[in-house]
Structure formats: structure tokens, C-alpha cells
Amino acid sequence: MQRFSRRRKAILSSLLLAIGVLLAGAGELVPQTLRQAAVAVPDAQIARASEPWQIASFPVENFQAYTSPYGYRDSGFHYGIDIAAPTGSYIRNWWEGHVVEVSDDSACGTSVVISSGDWTHIYCHMQGYVKKERGRKVFLDGPGGVRLVEGQQLYTGDRIGRVGMTGRTTGPHLHWGMRYQDDWVDPGLVLQAMADGQR
């Protein structure tokens with residue numbers, strides 16, 4: 002019996018050590034993969050930057066807290082992170098690109114989708130509304146001084162809207178989602194890579 006217990010402890014210790022090594026390595030592998038992916042975005046600024054994440058912008062002003070992470074939760078999979086900020090706080094474009102879509106729906110609320118090369122970033126629950134002008138959809142937030150048209154070019158850090166409570170939400174926040182080459186990515190990992198690039 003004691004022999005079985007020692008053997009079991011040895012196996013368990015080996016397994017825990019292996020998991021620890023994998024997790025320690027994964028922390029560096031994921032940001033490195035994201036850094037490599039960032040270099041794929043065709044942008045003159047990126048080519049000049051020694052660390053491409055240094056030119057990205059945090060997506061919301063007046064940050065208060067991260068209120069919901071990427072991944073599974075009680076209501077299903079959450080394809081982004083929720084960033085709490087006071088109502089009316091400006092939302093900034095994460096990376097240079099163009100507006101792919103503006104929309105209003107019952108879940109994401111008033112939202113903007115931006116393409117930056119292989120990256121797509123989604124911003125939900127914004128103040129304002131969407132209407133059609135000359136056959137094109139336009140996002141308007143008059144009090145915030147923001148007007149976006151599908152196809153419009155945007156630069157890193159441009160104000161693209163304000164935090165609101167449109168769609169399915171329990172409080173003012175920005176839902177920020179990201180895809181790289183059509184695969185969902187945890188924006189928290191991107192923010193971590195950005196922070197690491199600032200050090």
C-alpha cells in the first residue's frame with residue numbers, strides 16, 4: 002500500500018511539473034505568436050517600429066476594470082473582453098485600418114467592426130445609432146462628435162465612439178472582440194503583449 006502511494010505521488014509530481022513547464026512556456030509562446038502576427042499587418046509604421054505592439058492603442062479612455070474575460074461563462078462562450086468605463090468615455094481605434102461594418106442589433110448594440118490587415122476588431126455597446134446615407138451605413142454619435150462611414154480609413158488611437166449601454170448589457174462598458182485571420186483571439190493576450198512591448 003505504501004509503495005502504491007509513493008508511486009502515485011511520483012506520477013502526480015511528474016505530471017504537475019510537466020504542466021508547470023508547459024504553462025510557463027505558453028506564457029511566452031502566445032505573445033510571441035501575436036507579435037509575429039502583428040508584423041504581418043501591412044503598415045509603414047509597423048515596419049519602422051522595433052516592437053510593433055508599441056504603436057497600438059488601448060481601446061477605451063477612463064478605464065475602470067475588466068468585468069468579463071474571454072472564454073466560457075454561464076451564458077456560453079464570450080468572444081471578447083468587457084472593459085468597464087463611465088458612460089460617455091471615448092473608445093479609441095486599436096490599430097490603423099478601415100471600417101468594415103457599423104450596425105445596431107439586440108446583443109452587441111450599436112457597434113463598429115474595423116479591419117487592420119489580418120486583424121478584425123469589434124467594438125460593442127456604444128452610444129449613438131446607425132442610419133443609411135446615400136446607400137451606405139453611417140454610425141453617428143452627435144454629442145460625442147463621432148461619425149463613421151463604412152469604408153472609412155482610421156488611424157491608431159482615433160476616437161471611434163463612446164461607451165454606452167446599447168444592446169444586451171447590465172452596465173456601461175465596451176465589449177472588445179478580436180479575430181486574426183478569421184480565428185477568434187483573446188484580447189487580453191493582445192493587451193498583455195502590448196504591455197510587455199512598453200517595458
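In the numbering used here, the protein residues as written are 2 to 200.
From the three backbone atoms N, C-alpha and C, an ideal C-beta is built for every residue, glycine too.
Contact belief for residue i with residue j at Cβ below 8 Å, rounded distance in angstroms
i    : j    : result
H126 : G165 : 6 Å
L155 : V103 : Actually they are not in contact, since the Cβ atoms of L155 and V103 sit about 12 Å apart, beyond 8 Å.
I84  : Y124 : Actually they are not in contact, since the Cβ atoms of I84 and Y124 sit about 10 Å apart, beyond 8 Å.
S90  : E62  : 5 Å
I56  : T121 : Going by Cβ atoms, the distance from I56 to T121 rounds to 18 Å, so no, they are not a contact pair.
G118 : T170 : About 30 Å; that fails the 8 Å criterion.
For residue i, the three-state DSSP class (helix, strand or coil)
i    : result
D187 : coil
G89  : coil
Sequence-distant residues of its chain with Cβ nearer than 6 Å to residue i (five each side left out)
i    : result
P218 : Missing from the structure shown is residue 218; the chain here goes from 2 to 200 and no further.
W185 : Y80
D187 : Y71
V101 : V114 and S116
D105 : T111 and V131
Close beta carbons around residue i, own chain, < 8 Å, minus the five adjacent residues each side
i    : result
V147 : G129, F140, L141, R160, I161, G162 and R163
K132 : K138, V139 and L141
E134 : V150
According to DSSP, residues forming a beta bridge with residue i
i    : result
V100 : I115
Y71  : Beta-bridge pairing links Y71 to no other residue.
I84  : Y67 and L175
F78  : Y73
Same chain only: Cβ atoms within 7 Å of residue i, ignoring 5 sequence neighbours per side
i    : result
R137 : V150 and E151
T68  : D83, A85 and H174
A66  : A85
P144 : none
Mind listing, in chain order, the continuous beta strand (DSSP E) runs of no fewer than 3 residues lying wholly within the stretch 112-199?
-> 120-127, 130-134, 137-142, 147-150, 160-163, 174-181 and 184-186
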